[in-house]
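Using the UniProt record's numbering, read the sequence shown as starting at 1 and increasing by one per residue. Data block below; observations after.
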Amino acid sequence: RKKAIYDHFGEEGLKDGAPAEFCTDGAWTPKYAYHGNPEQTFRQFFGGDNPFADFLTIESPLQLCGLHPEVVKVQDSPIERDIFLSLDDLYLGCIKKIQLSRMVINEDGQSSEIQEKILTIEVKRGWKEGTRIIFPKEGDQGLNRVPADIVFTVRQKSHPLFVRRNNDLIYKTQISLMMALTGFSVNVPTLDGRLLNIPINDIVHPTYEK
């Protein structure tokens, strides 16, 4: 009966009821409220399940996907560089400025050009070899991609007087056999400009440390 009403009066007939002359009991049919389930509607009108259910369902990817899917931007791999610092730089701290050239997208969003940029590194006192300094997204710009991070790794230059062992400085000096047996004093310069006089009163052997 609902199918006949739909064929004659369409969706409005289902919602508001059919006129009296169409109904055998002389009254309007009860209003039809759509329940939101297309499968149930198909069964009510055609007496069976939707034969096309295997080909197209309400959760079909064809209905969920937009015409223009969002482009997922992938970040470029990090750009790794070494920065060589002296022992004095690492002991006292300093400021290092590094100039680089990188590709930059212009305001039109399409063209690009090479620009110069200065990266400033504030070297902290006590930094060790292997310390990493990261500048996020400072690599080349490009369409549909995220610029790479630029990563600097600290490398310590050799020093003419000292060898670093963690946070200790090793100073080596040569002495005569007489000095080793009778005692002596040694003047040790420091990285901050002082001169330390260290008396040695022990008998010194080749691996002696003080």
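For glycine and all other residues, C-beta sits at the position ideal for the given N, C-alpha and C. These figures come from a predicted structure and were not determined experimentally.
Distance CB(residue i)-CB(residue j) smaller than 8 Å
i	j	result
L92	L169	no
K157	D149	no
K117	R132	no
L85	L100	no
Contact set for residue i: own chain, Cβ-Cβ below 8 Å, skip 5 residues either direction
i	result
L195	N187, V188, P189
V151	P78, I79, E80, R81, R132, I133, I134, F135
I105	S111, S112, Q141, G142, L143
I203	A180, L181
I114	S101, R102, M103, V104
G130	T153, V154
I83	K96, I98, I121, I133, F152, T153, V154, R155
H205	A180
Exposed unless 16 or more other CB atoms sit within 10 angstroms - verdict on residue i
i	result
residue 220	Only positions 1 to 210 of the chain appear in this structure, which leaves residue 220 out of reach.
I95	exposed
P147	buried
Spatial distance of residue i from residue j (CA atoms)
i	j	result
M179	R81	47 Å
V163	S77	35 Å
L90	N201	33 Å
L62	E70	Confidence at L62 is low in this model, with a pLDDT of 47, below 50, so the placement of that residue is unreliable and no value is reported for it.
S185	Y208	14 Å
P199	K172	15 Å
Q174	G193	22 Å
L177	K210	18 Å
R165	G109	51 Å
E122	Q75	26 Å
N167	E107	49 Å
G183	L87	30 Å
Bridge partner(s) assigned by DSSP for residue i
i	result
L169	R164
P199	S185
I118	Q99
G142	R145
Chain-order list of residues whose beta-carbon lies under 7 Å from that of residue i (same chain, five-residue window excluded)
i	result
G125	The residue you asked about is not Gly; residue 125 is Arg in the sequence shown. The residues are Y91, L92, G93.
W127	L90, V154
K73	N144, R145, V146
L161	Y171, P189
6 Å CB neighbourhood of residue i in its chain, flanking five on each side removed
i	result
I58	Any answer about I58 is weak, because its pLDDT of 48 lies below 50 and its placement is not dependable; what the coordinates show is given next. Excluding sequence neighbours, I58 sits near nothing in its chain.
N197	S185, N187
H159	L87
heavy atom of the ligand GDP below 7 Å from residue i C-beta
i	result
P206	Of ligands this structure carries none, so the ligand GDP is not represented either.
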